[in-house]
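K.L.:
Take this structure first; my questions come after.
There are 4 protein chains.
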Amino acid sequence: MSHHRSLAIFLITCPDRRGIVASVSTFFFERGFNIVHCQQHTDPLEGRFFMRILIDIGATPYARGQLSEEFEELARAFAMEWSAHFTSDTTRIAVLASKEPHCLFDLLCRAHGEELTGAQVALVISNHPDLEATAAQFKVPFFFCPVESSSRRSQEREITRLLAQHHVQVAVLARYMQILSSEMLDETPLPIINIHHAFLPAFQGAGPYRRAWERGVKMIGATAHYVTAALDEGPIIEQDVERVTHEESAEALQKRGRDIERVVLARAVQAHLEHRVITHANRTIVFSPGI
Amino acid sequence: MSHHRSLAIFLITCPDRRGIVASVSTFFFERGFNIVHCQQHTDPLEGRFFMRILIDIGATPYARGQLSEEFEELARAFAMEWSAHFTSDTTRIAVLASKEPHCLFDLLCRAHGEELTGAQVALVISNHPDLEATAAQFKVPFFFCPVESSSRRSQEREITRLLAQHHVQVAVLARYMQILSSEMLDETPLPIINIHHAFLPAFQGAGPYRRAWERGVKMIGATAHYVTAALDEGPIIEQDVERVTHEESAEALQKRGRDIERVVLARAVQAHLEHRVITHANRTIVFSPGI
Amino acid sequence: MSHHRSLAIFLITCPDRRGIVASVSTFFFERGFNIVHCQQHTDPLEGRFFMRILIDIGATPYARGQLSEEFEELARAFAMEWSAHFTSDTTRIAVLASKEPHCLFDLLCRAHGEELTGAQVALVISNHPDLEATAAQFKVPFFFCPVESSSRRSQEREITRLLAQHHVQVAVLARYMQILSSEMLDETPLPIINIHHAFLPAFQGAGPYRRAWERGVKMIGATAHYVTAALDEGPIIEQDVERVTHEESAEALQKRGRDIERVVLARAVQAHLEHRVITHANRTIVFSPGI
Amino acid sequence: MSHHRSLAIFLITCPDRRGIVASVSTFFFERGFNIVHCQQHTDPLEGRFFMRILIDIGATPYARGQLSEEFEELARAFAMEWSAHFTSDTTRIAVLASKEPHCLFDLLCRAHGEELTGAQVALVISNHPDLEATAAQFKVPFFFCPVESSSRRSQEREITRLLAQHHVQVAVLARYMQILSSEMLDETPLPIINIHHAFLPAFQGAGPYRRAWERGVKMIGATAHYVTAALDEGPIIEQDVERVTHEESAEALQKRGRDIERVVLARAVQAHLEHRVITHANRTIVFSPGI
């Protein structure tokens, strides 16, 4: 997505009915905005409408507040849930990791190379000290939050506190290997993206590569999804797979899987950062990258 | 694409400017039509706008002629090129083949199994008699149009005559293996879809599997494109590839390639039949299948 | 695999130990055979060795019986399970289908186009009369074996009888949609290949496209496996997937899935026909096509 | 590939004839070695045989020199070209980069995370100073070797000198963007692996993403190959592709392409480090990873 222009991105969903596209596009047209990109989706089963619309706001005198206020009027008429995002803003990310470095490294490299659109890794949190040097390499603050079964809730509260303190807007579980309690999810009003090292819903839970090997699958995969209280059952954002053969042991699958995990997680984070994802009924609408 | 409803599909392209989406969506809204699906694309380099819009026309009193007439007024205001298509119509296809049966078979099976949306294979034309029984199996008329270098133009005129006589709307070269002259293309005002057995622009021209083997590529592919006077250089509709290894000879690649050819050609024909393709500047906009 | 030479294919498995490759290759070398292709696999966990070896038998005076007898001596020394196959033989296939034509059509087209190496579709069996014309088109005998819950075992016995009567060597369930009882599997000493319309082990059982849609997966797949008494849990031969989007309904997934089903089933049948598959501990070793 | 055992890897190629497998496997069997993995390939067109064989050398009294000497006798009998490699050795890599960090970052992360089997990045060389901090982050020496058209040969000689001084065994061009002269290639007796940002042989030379966009391809790719004097025409080690749409600009393709470049280059380097590649007649045999 280009950064040369100052854009607003509206994500909209509402019950489907006649006239939504006409009303929304007329709303922006009448105010002199250029629609740079627009994508809709209608779920005919649910009778629900979804829209992502990019507006060039560079050349207009509108303040954000005024635009939002006026749009809210239209939104009410269609019972819309909506949010507006601005490409001039920076999104603050927290990465939670454990011991395996590959996903953390990948996200840090991408952030450093300006591949994560408009985002900044604000901090790294881990239940192990192993990756402290990795974070330090990229000059990102590292917080060691050890966890034992007895201290789980207090550790989670510490994490929630850190996320709030650092004004984090999205948390990424980069092979964090800990299950977040539903209490923590309730207390942490952030989207949380997890990478699961299997092609969900196959091999939910622990040890997916071992189980994939035992089942003798001919492809392995990875799945990035929003975290919900139900383990590995949140809305899927992105998946990918690679072909494997009988020659590869469970350890070889695990090693090979790292490339899938890295890329699938990065694509999901990128889609989230570009405000291309709407969640509804435990499924995602992922609009295409466009431009 | 569902056939339970009677839909009109408008394909639109025009110079990009403010207000197109608002105007088009308002046009249909004001006339009481429900927009079932709508997809746009703006090419920022060319400053050009593209749109595919599906309208439910089942419940309205509008005749096709009236709708088109009224839309033409709007179209003129934006300098639109546009066409309207109706899902209740059947598209008549001609398949041109040579000796290899796999693509012809595949298209006939799909047509028979109602996998080619709203289409009918009206006739098969070949420069060899080998596939007559294949066409007969599916009760499709077969025309043998042999060609020698001295008779090429007269053979092409015979083909053009057959296409016109059978009211063909799209011709598919299913491994036809003959180059159509620019004269024939001028005289045949039909879209013609070809399957090339390589990942264009690699291996244009003859013997692509042999040349792919010689080059030692690790993937082979196929490309479906609209035919233009420049050999293998027309607008690409669809491509796909498969991984290969050093163990596969040129003959093995050719055999393996058949599965790619079949599927890539079928997808391209399907996209064309669903009116999802707009061609511009030798490139295609291929709208997503939707619904 | 080339058919110009007369080849024998030995499939071998035994406990791993030193000297197997040396002994087997020396066995053929000493008798004047040329090893055309040879592939091994050692499962280090199970300590088990697997081998596929292709021998050119065209220029040697050896009768099949003598070769087998002499090899059996070697095999005993290593506690080998082994089988020998000859490319000059034709494999007789039965296809079991229900109402959906696409996989049956695909197999018949491939057999007709000589894409199924050394195989012949000997008969088609169905629990519905719908596909009789399809079989007739390809001049393959069709047997209608209706089934009701009360008559299930007698229908299965009729199928087992037909398979035996037609000297069938492998049965293919081309979207047959019936679960074979363990009694039938016991009575039918044939490998049976099934195509499941999901990426196993995800979505075992009925309605996988509907459930894939509900789960919101971003890729759908198909799995070909040998049938065992445990539903959808037999050894996997081949899998493949395609990327899908939120725009595709469960019906669209089903339609799209046909291309995956066709190709995955055909590849699995082809691997079986080329004697490239060894099953062990509910997993498959699938040797590469070679030559 | 497991590192728990001390293994020797023999790469062998020779004219095809009867008895090679028997002789080689008997050679190792008679000396008490366990064959851990073995893969052959015969090119029937060229009449040439290729073999990769892994031997467990941990439990034998053989010194490297003695084993090589004895094998050389066998090799002479079959006119073999061969090399032996030992998993206990470390391979020293030089990475040449320019300004784009993503491939360099990726290789450094993999080396750091022990994903590059038995390898060490010994130094980074660049014609621009931009990536000095990146190398420093990973504590890898960085050498800035600027180049102007007048000084090209002297810059190349400096690079050749650095490679020799640091005992480099393989050089990797990680988006180096400079063409190496045939003089330099002659003077640098090392395998050099390059990543080209296109699916070769499509889009050889400069600006492949721009040209891919102009041609309107539906997939983009990357190719890792050994460098030869003919630009982008060396033996291909690995390729991969991703599907793209009309919505993606040339810049979007370039951005998307980074993930393909990273993974394709890493896989090729990994295959080289595992001694799985034999080059013959400008093509590669890439043995499968095994174990």
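Residue numbers (our numbering), protein chains in the order written: chain X, 15 to 305; chain W, 15 to 305; chain F, 15 to 305; chain A, 15 to 305.
All C-beta atoms in this analysis are idealised placements derived from N, C-alpha and C, irrespective of residue type, glycine included.
Treat the numbers as computed from the prediction; the structure is a model and nothing was measured.
(1) Closest by CA to Val186/A, which one among Asn48/A, Ser165/A, Arg31/A and Ala238/A?
(2) According to a CB-to-CB cut-off of less than 7 Å, which residues of the segment 213–242 of chain X neighbour chain F?
(3) For Pro58/F, write down the residues that DSSP places opposite it in a beta bridge.
(4) With the cut-off set at 8 Å, would you say Leu194/X and Val161/X are in Cβ contact?
(5) Give me the Cα-Cα distance between Ser97/F and Phe24/F, rounded to the nearest whole angstrom.
(6) Return helix, strand or coil for Tyr223/W, following the three-state DSSP convention.
(7) Just the Cα atoms here: how many angstroms apart are Gln183/F and Phe63/F?
(8) Unbroken alpha helix (DSSP H) runs of length 4 or more, entirely within the segment 178–237 of chain X: which are they?
(9) Going by DSSP, which residues form a beta bridge with Pro29/W?
(10) So, with DSSP's three-state summary, where would you put Val297/X?
(11) When you compare only the Cα positions, how much space is there between Arg257/W and Ile71/A?
(12) Could one say the Cβ of Arg290/X lies closer than 8 Å to chain W's Cβ atoms, at least one of them?
(13) Would you call the segment 112–124 of chain X in contact with the segment 112–132 of chain A, where contact means no fewer than 3 C-beta pairs closer than 8 Å?
(14) Suppose contacts are defined by Cβ-Cβ distances below 8 Å. Is Arg281/F in contact with Glu262/F by that definition?
(15) Under 7 Å between beta-carbons, which chain W residues line up against Phe43/X? List them in chain order, please.
(16) Can you give the Cα-Cα distance for His126/X and Gly132/F, rounded to whole angstroms?
(17) Helix, strand or coil for Val277/W? Go by DSSP, reduced to three states.
(18) Given that Ser20/W touches chain X, what residues does it touch there, using C-beta distances under 9 Å?
(19) Can you tell which of Arg124/X, Pro29/X, Val255/X and Glu275/X has the C-alpha that lies nearest to the C-alpha of Arg90/X?
(20) Is there contact here, the segment 216–230 of chain W with the segment 194–203 of chain A, by at least three beta-carbon pairs under 8 Å?
(21) Starting from Cys123/W, follow its DSSP beta bridges and name the residues at the other end.
(22) Could you tell me which residues DSSP puts in a beta bridge with Ala98/W?
(23) With a threshold of 7 Å on Cβ separation, who are the neighbours of Thr40/X within its own chain once the five nearest residues in sequence on each side are excluded?
(24) For the beta strand (DSSP E) containing Glu256/W, list its first residue and its last residue.
(25) Under the three-state reduction of DSSP, which class applies to Ile71/A: helix, strand or coil?
(26) Could you name the residues of the same chain whose beta carbon sits closer than 6 Å to that of Glu172/W, not counting the 5 residues immediately before and after it, in chain order?
(27) Would you check if there are 3 or more beta carbon pairs closer than 8 Å linking the segment 52–63 of chain X to the segment 51–68 of chain W?
(28) Inspect the CB distances between the segment 73–90 of chain A and the segment 292–302 of chain F and report whether three or more fall short of 8 Å.
(29) What does Val300/A touch in chain W if you count any residue whose Cβ is under 9 Å from its own?
(30) With respect to the alpha helix (DSSP H) encompassing Phe42/W, which residues constitute its N-terminal and C-terminal limits?
(31) Give me the Cβ distance between Val255/X and Gly235/X, rounded to the nearest whole Å; I'm assuming they're in contact under 8 Å.
(32) Any idea which residues DSSP pairs Gln134/F with across the strands?
(33) Exposed or buried, what is Ser163/X when buried is set at 16 or more other beta-carbons lying within 10 Å of its beta-carbon?
(34) So, is the C-beta of Asn296/X closer than 8 Å to a C-beta in chain F?
(35) The alpha helix (DSSP H) with Phe47/F in it runs from where to where?
(36) Indicate whether at least one CB of chain W lies closer than 8 Å to the CB of Pro303/A.
P.N.:
So, to answer that:
(1) Ala238/A
(2) Phe213, Pro215, Ala216, Arg229, Gly230, Val231, Lys232 and Met233
(3) In DSSP, Pro58/F forms no bridge with anything.
(4) no
(5) 6 Å
(6) helix
(7) 26 Å
(8) 196–201 and 222–229
(9) Arg62/W
(10) A small fix is needed here, since residue 297/X is Arg in this sequence, not Val. Note: Arg297/X maps to strand in three-state DSSP.
(11) 34 Å
(12) no
(13) yes
(14) no
(15) Arg32, Gly33 and Ala36
(16) 57 Å
(17) helix
(18) Within 9 Å Cβ-Cβ: nothing; Ser20/W doesn't reach chain X, min ~16 Å.
(19) Pro29/X
(20) no
(21) Beta-bridge pairing links Cys123/W to no other residue.
(22) Phe24/W
(23) none
(24) Ile250 to Arg257
(25) coil
(26) Cys159
(27) yes
(28) no
(29) Lys232, Thr259 and His260
(30) Ile34 to Glu44
(31) 4 Å
(32) Arg106/F
(33) exposed
(34) yes
(35) Segment: none, Phe47/F is in no alpha helix (DSSP H) and carries neither H nor E.
(36) no
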